[in-house]
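Residue numbers (our numbering): -1 to 233.
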């Protein structure tokens, strides 16, 4: 059964000052045989599950989503690295625009390609401004998109880029340090962005500890995304 009105529920949570936690699943690194165990071991405060990766074999994302749907009622949101990862089995799709880079394929190319896939299916689409921030590694996102992350020292540029995404009609802003990042997005960046966007703010990458999680929340993140760090606890 599909979870309805994912974005409205996020807005309601933000209005009540509830903090959200999404666990990111990369289908290419996920064991389908361990779905029940994986879901049982999710942190108790988990509110959403993101599914997506930089490079995923065709059809695998759908298999992962369908398997999870058998065991959880938590909203499953697509966080795709490519249009081939879109599936109607999920509850919603982050319709990403990579505002931090100048590669037209990820500013408009992938979005146009997605239309013919989205047109005939029932899938909630959430326009999302996506910013890659330097997390101290050469991330998979940077490699795939052939773009450079914004240095964390360029706070004003990060803020202005986030505001540009808001003015372009995006409904979420996502600050991403990259999977396996050595450094999370600095709390002062999160705080400055939150002051100016008046939108739900998602922060991910490099968040491994409870202290880092709370620092992101306290700075203004409405949703934190954990991926690699959580996966390692399941090995």
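Note that CB positions come from ideal geometry on N, CA and C, so glycine has one too.
Judged by DSSP in its simplified three-state form, residue 34 adopts helix. The Cβ-Cβ distance between residue 174 and residue 129 falls below 8 angstroms. About 16 angstroms separates the beta carbons of residue 84 and residue 47, which is beyond the 8 angstroms limit, so they are not a contact pair. For residue 219, the closest alpha carbon among the candidates 172, 82 and 126 is that of 172. By the Cβ neighbour-count rule, residue 122 is buried, with 16 or more other Cβ atoms within 10 Å of its own. Judged by DSSP secondary structure, residue 90 falls within the beta strand (DSSP E) whose first and last residues are 90 to 96. Contact between residue 19 and residue 45 holds, since their C-beta atoms are separated by about 6 angstroms, short of 8 angstroms.
The DSSP-derived three-state label of residue 165 is helix. Beta-bridge analysis with DSSP links residue 124 to 92. In the displayed model, residue 99 falls within coil according to three-state DSSP, outside both helix and strand. Taking 8 angstroms as the cut-off, the Cβ atoms of residue 63 and residue 90 do not count as close. Apart from the 5 residues on each side of it in sequence, residue 82 sits with its Cβ closer than 7 angstroms to the Cβ of 56 in its chain, given in chain order.
Taking the Cα of residue 39 as reference, the smallest distance to any Cα among 190, 21, 198 and 25 is reached at 21.
CA-to-CA, the gap between residue 224 and residue 205 works out to about 6 angstroms. Scanning its chain for C-beta atoms nearer than 6 angstroms, with the 5 sequence neighbours on each side dropped, one finds around residue 17 the residues 215, in chain order.
Around the beta-carbon of residue 141, fewer than 16 other beta-carbon atoms lie within 10 Å, marking it exposed. The criterion of a C-beta distance shorter than 8 angstroms is not satisfied by residue 79 and residue 98. Counting along the chain, residue 49 sits inside no alpha helix (DSSP H); it lies in the beta strand (DSSP E) bounded by residues 46 to 49.
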